[in-house]
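**Student:** First to last, the sequence lines map onto chains B and L.
Residue numbers for the first sequence follow our numbering, so the first one is 3 and each next one is one higher.
Residue numbers for the second sequence follow our numbering, so the first one is 3 and each next one is one higher.
Every residue gets a Cβ at the ideal spot worked out from N, C-alpha and C, and that includes glycine.
Number of protein chains: 2
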Amino acid sequence: MEYTIKKLGQMAGISTRTLRYYDETGLLKPARINTSGYRIYGAREVDTLQQIMFYRELGVGLSTIKEIISSPDFDSVAALEAHRRELIGRRETLDTLIANVEKTISAKRGGKTMNDREKFEGFKQKLIDDNNKKYGKEIREKYGAEAVKASEKKLKSLTPEQYERLSALEKEVLKTLKTAMEEGDPSDETAQKAADLHRQWLSFYWDGYTKEAHAGLAQMYVSDERFAAYYNRVGPGAAEFLRDAILIYTK
Amino acid sequence: MEYTIKKLGQMAGISTRTLRYYDETGLLKPARINTSGYRIYGAREVDTLQQIMFYRELGVGLSTIKEIISSPDFDSVAALEAHRRELIGRRETLDTLIANVEKTISAKRGGKTMNDREKFEGFKQKLIDDNNKKYGKEIREKYGAEAVKASEKKLKSLTPEQYERLSALEKEVLKTLKTAMEEGDPSDETAQKAADLHRQWLSFYWDGYTKEAHAGLAQMYVSDERFAAYYNRVGPGAAEFLRDAILIYTK
DNA sequence: GCTTGACATTAACGCTGCGTTAAGGTTTAT
DNA sequence: ATAAACCTTAACGCAGCGTTAATGTCAAGC
């Protein structure tokens, strides 16, 4: 049984364009080309197409599908497991997005029309959350999961007054950092004050403060673009400046 | 305070290419262009960029962001709600994908090396599931939710014997359809037998069989490409053929 | 005053998986 | 013979930039 491109497309429920594309990329070549240049597909190609459609339905990328079907000894289970991990990662990202969108919607609803300043506050808050999340991850690798748990626990148990103090410290760090940058010297008194405020702020998250850990965090402020973006709000190069100040402070 | 493209990029944690792209698309134009053709951004642009980054973090598309920030009376809550619905839809799709991938992985593991036939069986089963799902949706619109519930209930309460019968009917429909197509006439006896088998099969899903509903379903078999793909496995044009046979059968 | 390096510019392709014209040959049916 | 239905290649478009490539500008140091 032989099929032209359209007939095969109808059988599989896909377009002729798709089949031509599969031919072009080498994913599924026709059995032969007839004298008029038409693509002719045979039974083998139908089977292959069914396999392709199967993996496609699972959301596997065409390049991976190609590997799976072109080499029978390819470890398709491993490929599927990698694919699964990727899908799960995507779902987690989506969950976070959805949660944030919902937060924003209810905040907007609650505050009638949220002004720009409020928007930014929300943004900042989210950034901090993200930062802490990512930071938690890196710390986990460096200092173990307990440190992270302890940190989260500490945060959750804050009293409203402590929370106030935490927020105030955060603003003070930024403000002092800004002033210090106008001086331009990380070893300057103002810059060192910023570093000290930063230590105080940090103490809300960490139980056993050490200079080494503080210095390590400062380095991350520069290498991680999300941290960097947060501090660079003060001005370009603010993250680097803060890092240098902290490195001096912790020396 | 004025910024060059690089400085602004550093503050926001994004690339200069991105900023040029935003300029190009009109999402964020610089405050002015200096005599050397450099883009110069001011405080207003920083604020706007912060808003852009905020919505971007929520996964909102750039075109939507443009609408939101360019017209202050734009209903951003409605836009966010639409966005939320889309995200949730995507998550549902992902959930389905993940479930299917997991099913496939465990099937492959269990059956050592799954052969092609088995793969196809799994594929077919999934297709049928999908079809029923979609079919349920369309029916819901046409005949109400009760019909769907009744259908699902009926399916779940099938005894193993009944399930056997259902599977057998399914195969018989396909087989008879294939034979009938060789005849080529939808009004032919064999084709009408296929239509009758299809009615029997359908009776496992529907309680109150009516000719009209049967005919309506037949029409969907052609207009919905997923149904079409299922039946067209028998051969090109099989869905149309079955529809015609059913239309005659129900007349 | 000249070089160097860091910055700036526009232009244009690349990525994914096809949809969608466009411009034209082939086959089939009437 | 002519129309309808099919086939072909070629090439843009989509989202959101990353990434060269080729070239101009500016501040700093010799």
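1) Starting from the beta carbon of S78 (chain L), find every residue of chain B whose beta carbon is closer than 8 Å, and list them in chain order.
2) Compare the C-beta of F206 (chain L) against all C-beta atoms of chain B and say whether one is closer than 9 Å.
3) Please go through the same chain and pick out, in chain order, the residues whose beta-carbon is closer than 6 Å to the beta-carbon of F76 (chain B), but skip the five residues on each side of it.
4) So, with DSSP's three-state summary, where would you put Y43 (chain L)?
5) Please report the straight-line C-alpha distance between T98 (chain L) and I42 (chain B), rounded to a whole angstrom.
6) Please confirm whether E83 (chain L) and G44 (chain L) have their CB atoms less than 9 Å apart.
7) For the stretch 37 to 53 of chain L, enumerate the residues whose C-beta is nearer than 9 Å to any C-beta of chain B, in chain order.
8) Along the alpha helix (DSSP H) that carries S65 (chain L), what are the first and last residues, could you check?
9) Give the straight-line distance between the Cα atoms of G11 (chain L) and G112 (chain B), rounded to the nearest whole angstrom.
10) For R19 (chain B), which three-state DSSP category applies?
11) Got a sec: is the Cβ-Cβ distance from H216 (chain L) to anything in chain B below 9 Å?
12) Buried or exposed for A240 (chain B), going by 16 or more other Cβ atoms inside 10 Å?
13) Could you tell me the distance, in whole angstroms, from the CA atom of S189 (chain L) to the CA atom of V48 (chain B)?
14) May I have the straight-line CA-CA distance separating P238 (chain L) from E26 (chain L), to the nearest angstrom?
15) Going by other Cβ atoms of all chains shown within 10 Å of its Cβ, with 16 needed for buried, is A80 (chain B) buried or exposed?
16) Does any CB atom of chain B fall closer than 9 Å to the CB of K139 (chain L)?
17) Closer than 8 Å by beta-carbon distance: list the chain L residues that pair up with A101 (chain B), in chain order.
18) Between which two residues does the alpha helix (DSSP H) holding D198 (chain L) run?
19) According to the neighbour-count rule (16 or more other Cβ atoms, all chains shown, within 10 Å of its Cβ), is P255 (chain B) buried or exposed?
20) Apart from the five residues just before and just after Q221 (chain L), which ones in its own chain have a Cβ nearer than 7 Å to its Cβ?
21) Suppose the cutoff is 7 Å on Cβ atoms and the five residues either side in sequence are ignored; what does the same chain contact list for M55 (chain B) look like?
22) Verify the CB distance criterion: does Q262 (chain L) have a CB-CB separation below 9 Å to chain B?
23) Output the distance between the C-alpha atoms of L168 (chain L) and L249 (chain L), rounded to the nearest integer angstrom.
24) Starting from E61 (chain B), find everything on chain L with Cβ-Cβ shorter than 7 Å and list it in chain order.
25) Round the Cβ separation of R93 (chain B) and I100 (chain L) to the nearest angstrom and send it over; I've been treating them as touching at under 8 Å.
26) Are the Cβ atoms of Q7 (chain B) and R22 (chain B) separated by less than 9 Å?
27) What residue from L:Y40, L:Q52, L:S38 has the CA that sits closest to L29 (chain L)'s CA?
28) Around the Cβ of R235 (chain B), are there at least 16 other Cβ atoms within 10 angstroms (buried) or fewer (exposed)?
**Tutor:** On the basis of the supplied data:
1) Within chain B, the C-beta atoms nearer than 8 Å to that of S78 (chain L) come from K110, in chain order.
2) Not an interface residue.
3) Excluding residues within five positions, the ones whose Cβ falls inside 6 Å are E69, I70.
4) In the three-state DSSP reduction, Y43 (chain L) falls in the strand class (E or B).
5) Each residue's Cα considered, the two are about 35 Å apart.
6) No.
7) Within the stretch 37 to 53 of chain L, the qualifying residues are V48, D49, Q52, Q53.
8) Where S65 (chain L) is concerned, the enclosing alpha helix (DSSP H) starts and stops at 64 to 72.
9) Approximately 33 Å, taken between the alpha carbons.
10) Residue state for R19 (chain B) is assigned as helix, using DSSP reduced to three classes.
11) No, H216 (chain L) does not count as interfacial toward chain B.
12) Classification of A240 (chain B): buried, given that the 10 Å Cβ count is 16 or more.
13) Their backbone Cα atoms lie some 29 Å apart in a straight line.
14) Their backbone Cα atoms lie some 48 Å apart in a straight line.
15) The residue in question, A80 (chain B), is exposed, as its Cβ has fewer than 16 Cβ neighbours within 10 Å.
16) Residue placement at K139 (chain L) is poorly supported in this model, since its pLDDT is 43, which falls under 50; the coordinates still yield a value, given next. Not flagged as an interface residue toward chain B: K139 (chain L), since no C-beta distance is shorter than 9 Å.
17) Within chain L, no residue comes near A101 (chain B); the closest Cβ sits about 10 Å away, beyond 8 Å.
18) In the DSSP assignment, D198 (chain L) falls within the alpha helix (DSSP H) that extends over 191 to 204.
19) In the structure displayed, chain B extends from 3 to 253; residue 255 (chain B) sits before or after that span and is not available.
20) Excluding positions up to five away in sequence, the list reads R245.
21) Excluding positions up to five away in sequence, the list reads A14.
22) Because chain L in this structure spans residues 3 to 253, residue 262 (chain L) falls outside the shown range and cannot be described.
23) Distance between the alpha carbons of L168 (chain L) and L249 (chain L) is about 22 Å.
24) The question names Glu, yet the displayed sequence has Gly at residue 61 (chain B). By Cβ distance, chain L contributes L99.
25) About 7 Å; that satisfies the 8 Å criterion.
26) First, the amino acid is wrong: residue 7 (chain B) is Ile here, not Gln. The answer is yes: Cβ separation under 9 Å.
27) Ranking the options by Cα distance to L29 (chain L), first place goes to L:Q52.
28) That one is buried.
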